[in-house]
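Undergrad: Residue numbers (our numbering): 2 to 287.
Ideal Cβ positions, reconstructed from N, Cα and C, are used throughout, including at glycine.
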Amino acid sequence: MKKKYSHKKQKSTKKQYASDPVKAKKHLGQHFLKDEEVAERIGNTLTLNGYENVLEIGPGTGVLTKYILQKGKNVIAADLDTESIEYLNQSFALDHPSISTENFQVIEADFLKMNLEKLFNGKAFAITGNFPYNISTQIVFKAIENRDLVPEFTGMFQKEVAQRICEKEGSKTYGILSVLTQAYYDAEYLFTVPPTVFNPPPKVDSGVLRLIRKEDYSLPVEQKLFFRVVKTAFQQRRKTLRNSLKSFNLSLQLKEDSIFGQRPEQLSVQQFLELTQKIQHDAVSD
Ligand SMILES: C[S@@+](CC[C@H](N)C(=O)[O-])C[C@H]1O[C@@H](n2cnc3c(N)ncnc32)[C@H](O)[C@@H]1O
Numbered sequence: 002m003k004k005k006y007s008h009k010k011q012k013s014t015k016k017q018y019a020s021d022p023v024k025a026k027k028h029l030g031q032h033f034l035k036d037e038e039v040a041e042r043i044g045n046t047l048t049l050n051g052y053e054n055v056l057e058i059g060p061g062t063g064v065l066t067k068y069i070l071q072k073g074k075n076v077i078a079a080d081l082d083t084e085s086i087e088y089l090n091q092s093f094a095l096d097h098p099s100i101s102t103e104n105f106q107v108i109e110a111d112f113l114k115m116n117l118e119k120l121f122n123g124k125a126f127a128i129t130g131n132f133p134y135n136i137s138t139q140i141v142f143k144a145i146e147n148r149d150l151v152p153e154f155t156g157m158f159q160k161e162v163a164q165r166i167c168e169k170e171g172s173k174t175y176g177i178l179s180v181l182t183q184a185y186y187d188a189e190y191l192f193t194v195p196p197t198v199f200n201p202p203p204k205v206d207s208g209v210l211r212l213i214r215k216e217d218y219s220l221p222v223e224q225k226l227f228f229r230v231v232k233t234a235f236q237q238r239r240k241t242l243r244n245s246l247k248s249f250n251l252s253l254q255l256k257e258d259s260i261f262g263q264r265p266e267q268l269s270v271q272q273f274l275e276l277t278q279k280i281q282h283d284a285v286s287d
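Structure, rendered in structure tokens:
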């Protein structure tokens with residue numbers, strides 16, 4: 002009984018699969034979005050408030066790209082998949098004649114290796130996409146590193162990752178990704194997308210979020226130290242900071258500070274910044 006059911010399921014997946022203009026490749030995290038309404042909703046997550054450029058990561062067959070292009074901005078779409086790039090260059094415009102591709106450029110590139118400074122001649126741009134889940138946290142970290150160029154970031158992740166990025170202190174899933182992202186960006190979880198709207202369907206739900214860079218995103222701490230403090234603290238999330246941050250050689254006086262009696266998941270982003278400032282000051286006055 003069970004066998005028969007799984008056989009049927011596989012067969013129908015294959016049938017849909019064959020109708021795609023590009024063959025989905027597992028190693029590239031390709032799950033093509035099939036639902037135009039969802040694609041339009043993701044396209045509309047961009048506010049594009051005050052800048053003219055958008056980078057789409059992983060356009061695939063361009064389902065989301067259509068709605069981004071409707072915003073009338075300069076769009077660069079970068080994908081690692083040669084077959085997707087060929088489709089976008091050769092057939093996409095023919096398949097969608099009503100969409101203007103005048104300010105549209107397609108490049109075959111690995112986002113993780115791209116020099117973002119060169120993309121729009123050093124001008125600011127939004128990042129968006131239905132991201133390949135296997136590298137989605139690396140995508141966020143690269144955006145954070147390039148925050149001077151990236152005032153806005155929207156897109157789809159595995160639901161748990163999107164939730165983790167937007168999570169507040171006091172929750173079990175609040176962690177490194179939440180603190181480092183929210184130090185620079187206001188993060189908002191927007192909506193959940195079920196596996197059924199993809200081909201092939203992923204095993205998990207997806208979640209769409211929006212990050213808007215904070216007006217004053219230059220932090221009052223050394224970035225390297227801040228990242229080290231946050232990462233070290235969460236490596237032993239059950240321990241108090243006094244114990245988990247031993248490698249920082251804190252002075253006896255600082256260790257007495259009540260903040261060190263807390264666990265990392267109890268600290269807000271602001272408190273993490275204060276903690277880093279204290280450690281920074283401690284090191285100077287040592
Ligand atoms: C989940 S699919 C989304 C495709 C399309 N945007 C959609 O919604 O149907 C992720 C896309 O990212 C591309 N991709 C994977 N790794 C990449 C990388 N390192 N740089 C750029 N694109 C990548 C894949 O080839 C794929 O087209």
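Anyone know if the C-beta pair for Gly51 and Asp80 falls short of 8 Å?
TA: Not a contact, by the Cβ cut-off of 8 Å.
Undergrad: Is Pro22 near ligand 1, in the sense that its beta carbon is under 7 Å from a heavy atom of that ligand?
TA: Checking every heavy atom of ligand 1 against the Cβ of Pro22, none is found closer than 7 Å.
Undergrad: For Asn122 and Glu57, what's the separation of their Cα atoms in angstroms?
TA: Each residue's Cα considered, the two are about 17 Å apart.
Undergrad: Whose CA, out of Ala125, Asn131 and Asn116, lies closest to the CA of Lys143?
TA: Comparing Cα-Cα distances from Lys143 to each of Ala125, Asn131 and Asn116, the minimum goes to Asn116.
Undergrad: In or out: Leu95 buried (at least 16 other Cβ within 10 Å) or exposed?
TA: With fewer than 16 other Cβ atoms within 10 Å, it is exposed.
Undergrad: Could you tell me whether the Cβ atoms of Leu1 and Val64 are closer together than 8 Å?
TA: The structure shown does not extend to residue 1, since the chain is modelled only from 2 through 287, so no value can be given for it.
Undergrad: Figure out for me which residue from Phe105, Leu181, Asp36 and Gly156 has the closest Cα to the Cα of Arg148.
TA: Answer by Cα proximity: Leu181.
Undergrad: What does DSSP give as the partner residues of Asn75 in its beta bridges?
TA: Beta-bridge pairing links Asn75 to Asn54.
Undergrad: Quick check on this structure: which residue in Glu103, Gly59 and Phe112 has the alpha carbon closest to the alpha carbon of Gln139?
TA: Taking only the C-alpha atoms, the option nearest Gln139 is Phe112.
Undergrad: Go through its chain and collect everything with a Cβ distance to Thr83's Cβ below 8 Å, but skip five positions before and after it.
TA: Only Glu109 meet the Cβ criterion.
Undergrad: I'd like the span of the beta strand (DSSP E) that includes Tyr190, first residue to last.
TA: Its beta strand (DSSP E) spans residues Tyr186 to Val194.
Undergrad: Helix, strand or coil: how does DSSP classify Phe121 here?
TA: If DSSP states are grouped into helix, strand and coil, Phe121 belongs with coil.
Undergrad: Going by Cα to Cα distance, which pick from Phe192, Thr48 and Gln164 is closest to Ile128?
TA: The shortest C-alpha separation from Ile128 is found at Thr48.
Undergrad: Residues in its own chain within less than 8 Å of Gln71 by CB, not counting five upstream and five downstream?
TA: Here the set comprises Gly44 and Ile100.
Undergrad: For Phe235, which residues of its own chain have a beta-carbon under 6 Å away from its beta-carbon, when the five flanking residues on both sides are left out?
TA: The answer, listed in chain order, is Gly176, Ile177 and Pro265.
Undergrad: Run through DSSP, which three-state label would Gln281 get?
TA: In this structure, Gln281 counts as helix in the three-state DSSP scheme.
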